[in-house]
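Notes follow once the structure below has been shown.
Number of protein chains: 2
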Amino acid sequence: MAVTIKEVAKAAGVAPSTVSRVIADHPRISPATKKRVKKAMKEMGYHPNANARNLANRSTQSLGVVMPSSADKALQNPFFPEVLRGISAVAHELDYSMLLCTGETDEEMLEAVKRMVFSNRTDGIILLYSQVDDPIMEFLLEQDFPFVIVGKPAARVDEITHVDNDNIRAGKEITNHLIGMGHECIAFIGGSEDRIVTIDRMRGYELALEEAGLPYLDEYRIHTEFLKSGGRQAVHELFALPKPPTGIVIADDLMSIGVVNMLEEFGKRVPDDISIVSFNNVYLSEITRPPLTTVDIHIHGLGSQAAKCLIEKVKNKEEPSKRIIVPFDIKYRSSTKAIKPQLEG
Amino acid sequence: MAVTIKEVAKAAGVAPSTVSRVIADHPRISPATKKRVKKAMKEMGYHPNANARNLANRSTQSLGVVMPSSADKALQNPFFPEVLRGISAVAHELDYSMLLCTGETDEEMLEAVKRMVFSNRTDGIILLYSQVDDPIMEFLLEQDFPFVIVGKPAARVDEITHVDNDNIRAGKEITNHLIGMGHECIAFIGGSEDRIVTIDRMRGYELALEEAGLPYLDEYRIHTEFLKSGGRQAVHELFALPKPPTGIVIADDLMSIGVVNMLEEFGKRVPDDISIVSFNNVYLSEITRPPLTTVDIHIHGLGSQAAKCLIEKVKNKEEPSKRIIVPFDIKYRSSTKAIKPQLEG
DNA sequence: CTGAAAGCGCTAACAA
DNA sequence: TTGTTAGCGCTTTCAG
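Chains as they are written, first to last, in the UniProt record's numbering: chain A, 1 to 345; chain B, 1 to 345.
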């Protein structure tokens, strides 16, 4: 059995409460006893028991992190380890621990979250995704349990604290990059339309086209769960169009890699025959061929900001809801190329 | 404040201890009261407080998971979300929660682990890596704290419970695949030589060459932290050799992607000019170009087995140390090609 | 089969 | 500035 506060107290010749005060770095305590107690703690190898502390404090000093259901392959996205690092950085600094939560199905996840909340295992929750009609979010809202979203809530945007990029603007800027290079037929490929991030990035794409007076055909937009089977077909159809695109905006680096490969299968070379831009700037996008021009969304920052907000919120229930926009920047690499002027006839 | 055991007891007209027994599904309790208590629990929306329980039980019902230091980019490897899923699956099933632990530097991580252990936040720890002279492992050993390794320990293999693939055999088999296709000059590219997994996979590679009576030159072996700068140079040198390789065994799918791209930069095409095989079978290896022939190490299984072993160990301190070998299989895709017979002179 | 009571290790009034 | 004393919410002897 580990050494307890009582034993330290006895050894230092003080009351347990005094030791407790030393631990909490209470102001009104004489330097002398403080020193003496600290010495005893060190000598005896004392470490406060988190459970006991938390029970007495009615807190847990831990943050729950919910990764999306692992049903889809998207979970293998390097985005996740990276946000986790961001969260971990500030959690660690502020002495919180991270409770991770995943599951195969949505029900399983909801159940896991409920357990975390009801059994008082966590002070607050970070949702690493945002989608329409998310039962987990609804549950949290209903319980009035502190949480923040990495991404943008599907509704009640002003009531829910979230950390996001300005994905609309990012979508617009990256599309403008293509437009600036002379592209006029630009397609969009994204994941599920339930994910807010997809919606926003596509919105930016649309705005850019609109402002430039370029056409945005329905046939230019593809939503595919995650490439493979269905995706291949869709991409193929893109090039059967009367005016096939010369540029594509893709909602995620990982998808880009798949698309680039499909394209080459169909005999299209990136960037010579077709230009590609995407989002996230995961490590992979640098080492792929060609290296991807992509929006660096500062994943780590998303995570650390989310953790910061959540902790503030946990500490102060009255903390107003916030919206933190993490800046992005564009990494220009070699997946795009200025379009060759088309010779008529 | 949430409803407590006392309130339930009062409502059901029994003592708190009786409620506690119902929660624990104690055998000696009359069906009548059991039913009555359950009803009250349900009606009042009672959920036991984990902290209080754990304090009384001196346990935490949670597993610590240590991801390697995020100093290197390797952390973005999709391997991690995937093991995490595996661990999560059994943790969830057995009603454990997962405490995640990372850090920028090795010292930071050691500190974080110490805190988890000393403050009694976790019952046991899973190490998601294995390297020589790992201070975290040494600490755990010293404290006699339950832990298991995903991978193979650098030393004291029989004393430390671990879950691993037979990486030596996997290395051998995948190399044999290349040999079987007529390749005679085969190189190896791996990460840090401190990582046991690299060592083992390379050992398998060596054994295969040896058995086949093929040369394995020092110049055929490259160890590079993670591609980029140094790696490019190294790969370049490979082809400056008098007998450049026609096949490469690469220790990780992610590295493969980088290597394939470098290769093509140098004008070598995979698999036409050079064949490539690697390890892990992360999702990416399917969608890359060409799709990679790779060893499927069953990442999910590694995670779930590790969690299972750890929980056994936590429940029973006397549990003997084990070595679980998760089977692998090879996914044959199109990054390899039988070698063209060389015409003399 | 059930209840009373002590205690897990710590914190936080309230006194002194 | 420090000690005393009640808990935090649950489990677990020990009686009955």
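Note that beta-carbon positions come from the ideal geometry of N, C-alpha and C, so glycine has one too.
Please read all numbers here as calculations on a predicted model, not as lab measurements.
Original post:
Start and end of the alpha helix (DSSP H) containing residue 3/B?
Top reply: On the second sequence, residue 3/B is found 3 positions in, with the first residue counted as 1. It is not in any alpha helix (DSSP H) - residue 3/B carries neither H nor E in the DSSP assignment.
Original post:
In the DSSP assignment, what residue or residues form a beta bridge with residue 100/B?
Top reply: Counting from one through the second sequence, the residue named residue 100/B turns up at place 100. Paired residue(s): 98/A, 65/B.
**OP:** Could you give the DSSP three-state label for residue 339/B: helix, strand or coil?
**Re:** Position 339 of the second sequence, counting from 1, holds the residue named residue 339/B. DSSP places residue 339/B in coil when its eight states are reduced to three.
Subject >> Assigned secondary structure, residue 114/A (DSSP; H/G/I helix, E/B strand, else coil) >> reply: Your numbering for residue 114/A matches position 114 in the first sequence. In this structure, residue 114/A counts as helix in the three-state DSSP scheme.
Subject >> Candidates 237/B, 133/B, 111/B, of which the one nearest residue 266/B by Cα >> reply: Here residue 266/B is taken as the residue at index 266 of the second sequence, counted from 1. Of the listed residues, the one whose Cα sits closest to residue 266/B is 237/B.
**OP:** Kindly identify the DSSP beta-bridge partner or partners of residue 149/A.
**Re:** On the first sequence, position 149 is the one that residue 149/A refers to. 127/A, 162/A.
Subject >> Element boundaries [beta strand (DSSP E), containing residue 190/A] >> reply: Here residue 190/A refers to the residue found at position 190 of the first sequence. Unbroken beta strand (DSSP E) run through residue 190/A: 186 to 190.
Original post:
Between residue 246/B and residue 278/B, is the Cβ-Cβ spacing less than 8 angstroms?
Top reply: Counting from one through the second sequence, the residue named residue 246/B turns up at place 246. Counting from one through the second sequence, the residue named residue 278/B turns up at place 278. Not a contact, by the Cβ cut-off of 8 angstroms.
Original post:
Using the C-alpha atoms, what's the distance from residue 332/B back to residue 42/A?
Top reply: Here residue 42/A is taken as the residue at index 42 of the first sequence, counted from 1. Here residue 332/B is taken as the residue at index 332 of the second sequence, counted from 1. Whole-angstrom Cα-Cα distance: 58 angstroms.
Original post:
Whole-angstrom Cβ separation of residue 313/B and residue 161/B, contact assumed at under 8 angstroms?
Top reply: Within the second sequence, numbered from 1, the residue matching residue 313/B stands at position 313. Within the second sequence, numbered from 1, the residue matching residue 161/B stands at position 161. Residue 313/B to residue 161/B, Cβ: 6 angstroms. Contact.
Original post:
Using the beta-carbon count (16 or more within 10 Å), is residue 6/B buried or exposed?
Top reply: Here residue 6/B refers to the residue found at position 6 of the second sequence. Looking at its Cβ environment, which holds fewer than 16 other Cβ atoms inside 10 Å, residue 6/B is exposed.
Original post:
Can you find a CB in chain A that lies within less than 8 angstroms of the CB of residue 167/B?
Top reply: Start at 1 with the first residue of the second sequence, and residue 167/B comes out as number 167. It does not: the Cβ of residue 167/B has no partner Cβ on chain A nearer than 8 angstroms.
Original post:
Is the beta carbon of residue 126/A sitting closer than 8 angstroms to the one on residue 37/A?
Top reply: Here residue 126/A is taken as the residue at index 126 of the first sequence, counted from 1. Here residue 37/A is taken as the residue at index 37 of the first sequence, counted from 1. Their beta carbons are not under 8 angstroms apart, which means residue 126/A does not touch residue 37/A by this criterion.
Original post:
Does the distance from the C-beta atom of residue 152/B to that of residue 196/B stay below 8 angstroms?
Top reply: One-based indexing of the second sequence puts residue 152/B at position 152. One-based indexing of the second sequence puts residue 196/B at position 196. Cβ atoms of residue 152/B and residue 196/B: closer than 8 angstroms.
**OP:** Return the CA-CA distance between residue 166/A and residue 327/A, expressed in angstroms with no decimal places.
**Re:** To locate residue 166/A, count along the first sequence from 1; it is residue 166. To locate residue 327/A, count along the first sequence from 1; it is residue 327. Residue 166/A and residue 327/A: Cα-Cα distance of roughly 7 angstroms.
Subject >> Three-state class that DSSP yields for residue 57/B in the structure shown >> reply: Taking the second sequence and counting its residues from 1, the one referred to as residue 57/B is at position 57. Residue 57/B falls in the helix class under three-state DSSP.
Original post:
Which bits of chain B does residue 271/A rub up against, with CB to CB less than 8 angstroms?
Top reply: Within the first sequence, numbered from 1, the residue matching residue 271/A stands at position 271. The premise fails here: residue 271/A is roughly 14 angstroms from chain B at the closest Cβ pair, so nothing lies under 8 angstroms.
Original post:
Taking Cβ-Cβ distances shorter than 8 angstroms, what residues in chain B pair up with residue 96/A?
Top reply: Here residue 96/A is taken as the residue at index 96 of the first sequence, counted from 1. Within chain B, no residue comes near residue 96/A; the closest Cβ sits about 11 angstroms away, beyond 8 angstroms.
Subject >> Per-residue DSSP class, three states only, for residue 344/A >> reply: The count along the first sequence starts at 1 and reaches residue 344/A at position 344. With a pLDDT of 44 at residue 344/A, under the threshold of 50, the modelled position of this residue cannot be trusted, and the question is left open.
Original post:
Is any beta-carbon of chain A found at less than 8 angstroms from that of residue 15/B?
Top reply: As a position in the second sequence, residue 15/B is number 15, starting the count at 1. Residue 15/B does not count as touching chain A.
Original post:
Among 31/A, 183/A, 284/A, which residue has its Cα nearest to the Cα of residue 337/A?
Top reply: By one-based count along the first sequence, residue 337/A stands at place 337. Ranking 31/A, 183/A, 284/A by Cα distance to residue 337/A puts 183/A first.
Original post:
Roughly how many angstroms separate the alpha carbons of residue 141/A and residue 252/A, rounded to a whole number?
Top reply: Position 141 of the first sequence, counted from the first residue, corresponds to residue 141/A. Position 252 of the first sequence, counted from the first residue, corresponds to residue 252/A. Going by the C-alpha atoms only, they are around 29 angstroms apart.
Original post:
Using a beta-carbon distance below 8 angstroms, is residue 80/B in contact with chain A?
Top reply: Taking the first residue of the second sequence as 1, we reach residue 80/B at position 80. Output row for residue 80/B: interface = yes.
Original post:
Curious, which full-length alpha helix (DSSP H) runs of at least 4 residues does the stretch 261 to 318 of chain A contain?
Top reply: 284 to 287, 299 to 315
Subject >> Residue interval of the alpha helix (DSSP H) (run including residue 204/B) >> reply: Against the second sequence, residue 204/B aligns to sequence position 204. Residue 204/B -> alpha helix (DSSP H) spans 196 to 211.
Subject >> For residue 172/B, the three-state DSSP class (helix, strand or coil) >> reply: As a position in the second sequence, residue 172/B is number 172, starting the count at 1. The answer is helix: DSSP assigns residue 172/B an H, G or I state.
Subject >> is_contact[residue 283/B, chain A] using C-beta, thresh 8 angstroms >> reply: Position 283 of the second sequence, counted from the first residue, corresponds to residue 283/B. At least one chain A Cβ lies under 8 angstroms of residue 283/B.
**OP:** Kindly identify the DSSP beta-bridge partner or partners of residue 223/A.
**Re:** Numbered from its first residue, the first sequence carries residue 223/A at position 223. Beta-bridge pairing links residue 223/A to 190/A.
Original post:
Would you report the Cα separation of residue 23/B and residue 120/A, rounded to the nearest angstrom?
Top reply: Stepping through the second sequence from its first residue, residue 23/B is reached at position 23. Stepping through the first sequence from its first residue, residue 120/A is reached at position 120. Cα-Cα distance, rounded: 16 angstroms.
Original post:
Going by C-alpha distance, which of 254/A, 185/A, 168/A, 318/A is nearest residue 191/A?
Top reply: Looking up residue 191/A in the first sequence gives position 191. Closest by alpha carbon: 254/A.
Original post:
Candidates 144/A, 249/A, 243/A, 297/A: which alpha carbon is nearest residue 164/A's?
Top reply: On the first sequence, residue 164/A is found 164 positions in, with the first residue counted as 1. Checked all of 144/A, 249/A, 243/A, 297/A; the closest Cα to residue 164/A is 297/A.
Original post:
Counting along the chain, where does the beta strand (DSSP E) carrying residue 323/A start and finish?
Top reply: Stepping through the first sequence from its first residue, residue 323/A is reached at position 323. From DSSP, the beta strand (DSSP E) with residue 323/A extends over 323 to 326.
Original post:
What separation, rounded to the nearest whole angstrom, lies between the Cα atoms of residue 20/A and residue 150/B?
Top reply: Locating residue 20/A in the first sequence gives position 20, counting from the first residue. Locating residue 150/B in the second sequence gives position 150, counting from the first residue. Their backbone Cα atoms lie some 39 angstroms apart in a straight line.
**OP:** Please classify residue 329/B: does DSSP put it in a helix, a strand, or coil?
**Re:** In the second sequence, residue 329/B corresponds to position 329, counting from 1. The answer is strand: DSSP assigns residue 329/B an E or B state.
**OP:** Check the C-beta distance from residue 180/A over to residue 203/A and give it rounded, since I have them as a contact under 8 angstroms.
**Re:** Position 180 of the first sequence, counted from the start, is the residue given in the question as residue 180/A. Position 203 of the first sequence, counted from the start, is the residue given in the question as residue 203/A. Wrong, their Cβ atoms sit about 19 angstroms apart, outside the cutoff.
**OP:** Could you confirm whether any beta carbon from chain B is found closer than 8 angstroms to the beta carbon of residue 303/A?
**Re:** As a working mapping, residue 303/A is identified with position 303 in the first sequence. So, not an interface residue.
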